[in-house]
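Scroll down for the structure; my scribbles are underneath it.
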Amino acid sequence: MSFSRREFMQVLAVAGATGMALSHKDVLAAKPGAGEMLYDVPKFGNVSFLHFTDCHAQLQPIYFREPNVNLGVAEAVGRPPHIVGEHLLKFYGFKPNTAAAHAFTYLNFSQAAKTYGKVGGFAHLATLVKQLRASRPHALLLDGGDTWQGSATSLWTNGQDMVDACKLLGVNMMCPHWEFTFGAKRVQEVVEKDFAGHIEFLAQNVKTTDFEDLVFKPYTTREINGVKVAVIGQAFPYTPIANPRYMVPDWTFGIQDDHMQKMVDQARGEGAQVVVVLSHNGMDVDIKMASRVTGIDAVLGGHTHDGMPAPVIVKNAGGQTLVTNAGSNSKFLGVLDLDVRGGKVQDFRYKLLPVFSNLLPADKEMQAFIDKVRAPYKDKLEEKLAVTEDLLYRRGNFNGSWDQVICEALMEVKGADISFSPGVRWGTSLLPGDTITYERMMDQMALTYPATTLNEFTGADIKTILEDVADNIFNPDPYFQQGGDMVRVGGLQYTVSPNADMGSRINNMMLKGKPIEAGKKYKVAGWASVQEGVQGEPIWDVVSGYLRNKKVIKGVKINTPKIVGMQGNPGMSL
Numbered sequence: 001m002s003f004s005r006r007e008f009m010q011v012l013a014v015a016g017a018t019g020m021a022l023s024h025k026d027v028l029a030a031k032p033g034a035g036e037m038l039y040d041v042p043k044f045g046n047v048s049f050l051h052f053t054d055c056h057a058q059l060q061p062i063y064f065r066e067p068n069v070n071l072g073v074a075e076a077v078g079r080p081p082h083i084v085g086e087h088l089l090k091f092y093g094f095k096p097n098t099a100a101a102h103a104f105t106y107l108n109f110s111q112a113a114k115t116y117g118k119v120g121g122f123a124h125l126a127t128l129v130k131q132l133r134a135s136r137p138h139a140l141l142l143d144g145g146d147t148w149q150g151s152a153t154s155l156w157t158n159g160q161d162m163v164d165a166c167k168l169l170g171v172n173m174m175c176p177h178w179e180f181t182f183g184a185k186r187v188q189e190v191v192e193k194d195f196a197g198h199i200e201f202l203a204q205n206v207k208t209t210d211f212e213d214l215v216f217k218p219y220t221t222r223e224i225n226g227v228k229v230a231v232i233g234q235a236f237p238y239t240p241i242a243n244p245r246y247m248v249p250d251w252t253f254g255i256q257d258d259h260m261q262k263m264v265d266q267a268r269g270e271g272a273q274v275v276v277v278l279s280h281n282g283m284d285v286d287i288k289m290a291s292r293v294t295g296i297d298a299v300l301g302g303h304t305h306d307g308m309p310a311p312v313i314v315k316n317a318g319g320q321t322l323v324t325n326a327g328s329n330s331k332f333l334g335v336l337d338l339d340v341r342g343g344k345v346q347d348f349r350y351k352l353l354p355v356f357s358n359l360l361p362a363d364k365e366m367q368a369f370i371d372k373v374r375a376p377y378k379d380k381l382e383e384k385l386a387v388t389e390d391l392l393y394r395r396g397n398f399n400g401s402w403d404q405v406i407c408e409a410l411m412e413v414k415g416a417d418i419s420f421s422p423g424v425r426w427g428t429s430l431l432p433g434d435t436i437t438y439e440r441m442m443d444q445m446a447l448t449y450p451a452t453t454l455n456e457f458t459g460a461d462i463k464t465i466l467e468d469v470a471d472n473i474f475n476p477d478p479y480f481q482q483g484g485d486m487v488r489v490g491g492l493q494y495t496v497s498p499n500a501d502m503g504s505r506i507n508n509m510m511l512k513g514k515p516i517e518a519g520k521k522y523k524v525a526g527w528a529s530v531q532e533g534v535q536g537e538p539i540w541d542v543v544s545g546y547l548r549n550k551k552v553i554k555g556v557k558i559n560t561p562k563i564v565g566m567q568g569n570p571g572m573s574l
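In my numbering, the protein residues as written are 1 to 574.
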């Protein structure tokens, strides 16, 4: 049976409208030009924002598996983003085995990824941005940060590949987080030189330590179709804690609700009819902030990599605020359309569009740029280290198969009893049968403080480390959460009780079937210490050597702790 183009597009339209399951021969899998209807977003209102976040320097299309564990505690139980898998499908009314199910959940990931192909890629994102701007010529394109870091080429070019890519993409404003790990001097250089006249770098919560002067512009205003709009930037508030303090020694951060309220009021006083916050707080922090600060129409959020199909509507003393989060890895593009009349927002439409690279032709100019910037590193990027027979992924509150490989490599190469790997949420996925290239390995570890370590810790020290990280994730007050995942662990088994109090969440620590003793010392390998002056072999040398020796990765046993007290929590599907 063959389809005419008209029939073909009608099938796609029906599939998109109904959530119809599509076979391996469906339009999503087979036809590069079939995305016209999928990405046909009717224009609404008179003010529009396009938003991507946390692309982590992924210029090329990739695979990315969403988490099967993203637990919510206290008020966040059962509230987006803390719903996964089938719970998420039910919450949003998506049908199983559809493009939406694949985009927003981990379900059937390997098979669905083969059907629908890779996601993201700046050349494909550029095509979608241009298509949407054709019907919304005054739309602002907002970048939520974590843009310069996360790939080999961004590391090797000191972030320059992403700086230039964002200028070419047509980004109007951005807010920061991992950008700071290139150092204060480098950030200021980009802001003052590369971005001047192109991209506004916004952060209302970064100040000097001495006089508390603002380091960056806190907000900007633009006029869209006769409506004055303000965009306020919010940098990641815990940068000096989660990342090396020595890289930004003269700056303070923090959430700074009071100053945010001051900026909102100031923008309103200047005539802004719409106030949007471009935030890198993380979704739970954004939800709390939106309940406390009045006058914000929408928070376009990032940091926690939550692909949320619809906004959470937060009530506050001044009315309500929409809170969104647009995923990661250039996998999604958010479209917020506002109907502004009588000096305020009357209505809105929001879509989070998955960027299926098979459905969006590569923008020629962007693809040419990407090819050029990658060319000097091509041989190294494409070096074949091993083949994986397993699905390799990172995301999830406790562990992922990619992290397990890293932990095993650390223990074997460093001669350790136990290994720790940071619970970062960036890092792409590989399907069973894929080649592990140097580039795909670097996706898991491309940061500016890569030194590996081998230390002796007592059992009490190990418990303290695990308790501290667990509190960063499961503290019932979002303002004490830092938005990452649990430190990844090799060799050590333990029980975790997310609802317990600080100091009581981690129990039953075992090593090779024996209890961890509080006073006994253990050899612990790790990497990415935030302390200054740490010396050690870079993590990519440790893992690449391990992979070359193994040649084939198979039978990865993910070291997930026993989780207590979370039965029925829709943020978990094991």
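Glycine residues also receive a C-beta, built at the ideal position from the N, C-alpha and C atoms.
{"Asked": "Under 8 Å by Cβ, that's how I've got alanine 99 and proline 354 pegged, so tell me the actual separation to the nearest angstrom.", "Found": "7 Å"}
{"Asked": "Restricting to Cα atoms, I'd like to know which of Ala451, Glu537, Glu382, Leu352 is closest to leucine 38.", "Found": "Leu352"}
{"Asked": "Starting from glutamine 111, follow the alpha helix (DSSP H) in both directions and report where the run begins and ends.", "Found": "109 to 116"}
{"Asked": "Taking the beta strand (DSSP E) that tyrosine 106 belongs to, which residues open and close that run?", "Found": "Run containing tyrosine 106: none; DSSP gives neither H nor E here."}
{"Asked": "Determine, using beta-carbon pairs with one atom in the segment 264 to 275 and one in the segment 224 to 234, whether at least three such pairs fall under 8 Å.", "Found": "yes"}
{"Asked": "Which of helix, strand or coil does DSSP assign to phenylalanine 94?", "Found": "coil"}
{"Asked": "When you compare only the Cα positions, how much space is there between asparagine 455 and proline 96?", "Found": "47 Å"}
{"Asked": "Please report the straight-line C-alpha distance between glutamate 537 and phenylalanine 420, rounded to a whole angstrom.", "Found": "15 Å"}
{"Asked": "Can you list, in chain order, the residues of its chain with a C-beta nearer than 7 Å to that of serine 23? Leave out the 5 residues immediately preceding and following it.", "Found": "Here the model assigns serine 23 a pLDDT of 36, short of 50, so the residue's position is not dependable, and the following value carries that caveat. Same-chain partners within the cutoff: there are none."}
{"Asked": "Please tell me whether valine 84 and tyrosine 106 are closer than 9 Å, where the distance is taken between their beta carbons.", "Found": "yes"}
{"Asked": "Return the chain-ordered ranges of every beta strand (DSSP E) run that is complete within the segment 409 to 443 and spans a minimum of 3 residues.", "Found": "418 to 421, 435 to 437"}
{"Asked": "Report yes or no: do the segment 404 to 412 and the segment 155 to 162 share at least 3 C-beta pairs separated by less than 8 Å?", "Found": "no"}
{"Asked": "Less than 8 Å between C-beta atoms, sequence neighbours within five positions excluded: which residues of the same chain meet that for leucine 511?", "Found": "Asp417, Ile418, Gly491, Leu492, Gln493, Tyr522"}
{"Asked": "What's the C-alpha gap between lysine 31 and glutamine 60?", "Found": "Reliability of the predicted coordinates at lysine 31 is poor, the pLDDT of 48 falling under 50, and the value obtained from them is presented with this limitation in mind. Going from the Cα of lysine 31 to the Cα of glutamine 60 covers about 19 Å."}
{"Asked": "For the beta strand (DSSP E) containing glutamine 320, list its first residue and its last residue.", "Found": "319 to 325"}
{"Asked": "Would you report the Cα separation of phenylalanine 201 and serine 151, rounded to the nearest angstrom?", "Found": "21 Å"}
{"Asked": "What three-state label does DSSP hand threonine 388 in the structure shown?", "Found": "strand"}
{"Asked": "Which two residues bound the contiguous beta strand (DSSP E) that contains proline 354?", "Found": "344 to 354"}
{"Asked": "Rounded to whole angstroms, how far is the Cβ of leucine 300 from the Cβ of histidine 138, which I believe are closer than 8 Å?", "Found": "Leucine 300 to histidine 138, Cβ: 17 Å. No contact."}
{"Asked": "Any idea what DSSP makes of threonine 221, helix, strand or coil?", "Found": "strand"}
{"Asked": "Compare the C-alpha of threonine 388 against each of Val276, Val552, Arg245 and name the closest.", "Found": "Val552"}
{"Asked": "Within the same chain, show all residues whose beta-carbon is closer than 7 Å to that of alanine 451, passing over the 5 residues directly before and after it, in chain order.", "Found": "Trp527, Ser529, Val534, Gln535, Gly536, Pro538"}
{"Asked": "Does the segment 361 to 371 come within contact of the segment 113 to 133, defined as at least 3 CB pairs closer than 8 Å?", "Found": "yes"}
{"Asked": "Rounded to whole angstroms, what's the CA-CA distance from tyrosine 361 to aspartate 371? Just pull it up for me.", "Found": "In the sequence on display, residue 361 carries proline and not tyrosine. Approximately 15 Å, taken between the alpha carbons."}
{"Asked": "Among Asn205, Thr324, Phe216, whose alpha-carbon lies nearest the alpha-carbon of alanine 298?", "Found": "Thr324"}
{"Asked": "Of the residues Lys130, Leu155, Ala126, Val171, which one's Cα is nearest the Cα of leucine 142?", "Found": "Val171"}
{"Asked": "Give me whichever residues DSSP pairs with lysine 521 in a beta bridge.", "Found": "Thr458"}
{"Asked": "Taking 8 Å as the cut-off, is the beta-carbon of isoleucine 232 closer than that to any non-hydrogen atom of the ligand GDP?", "Found": "No copy of the ligand GDP occurs in the structure displayed, which carries no ligand at all."}
{"Asked": "Out of Lys331, Asn70, Ser330, Arg349, which has the shortest C-alpha to C-alpha gap to aspartate 337?", "Found": "Arg349"}
{"Asked": "For the alpha helix (DSSP H) holding lysine 380, just list the boundary residues, first then last.", "Found": "378 to 381"}
{"Asked": "Is it true that the segment 426 to 446 meets the segment 563 to 573, where meeting means three or more beta-carbon pairs spaced less than 8 Å apart?", "Found": "no"}
{"Asked": "Which ranges would you report for the alpha helix (DSSP H) in the segment 280 to 334 if only whole runs of at least 4 residues count?", "Found": "283 to 292"}
{"Asked": "Count the other CB atoms within 10 Å of the CB of aspartate 213; is the residue buried (16 or more) or exposed (fewer)?", "Found": "exposed"}
{"Asked": "Return yes when the Cβ of leucine 385 is within less than 9 Å of the Cβ of tyrosine 438, no when it is not.", "Found": "yes"}
{"Asked": "How big is the Cα-Cα spacing for lysine 414 and glutamine 531?", "Found": "20 Å"}
{"Asked": "Given a cut-off of 9 Å, decide if glutamate 179 and threonine 147 are closer than it, judged by their beta-carbon atoms.", "Found": "yes"}
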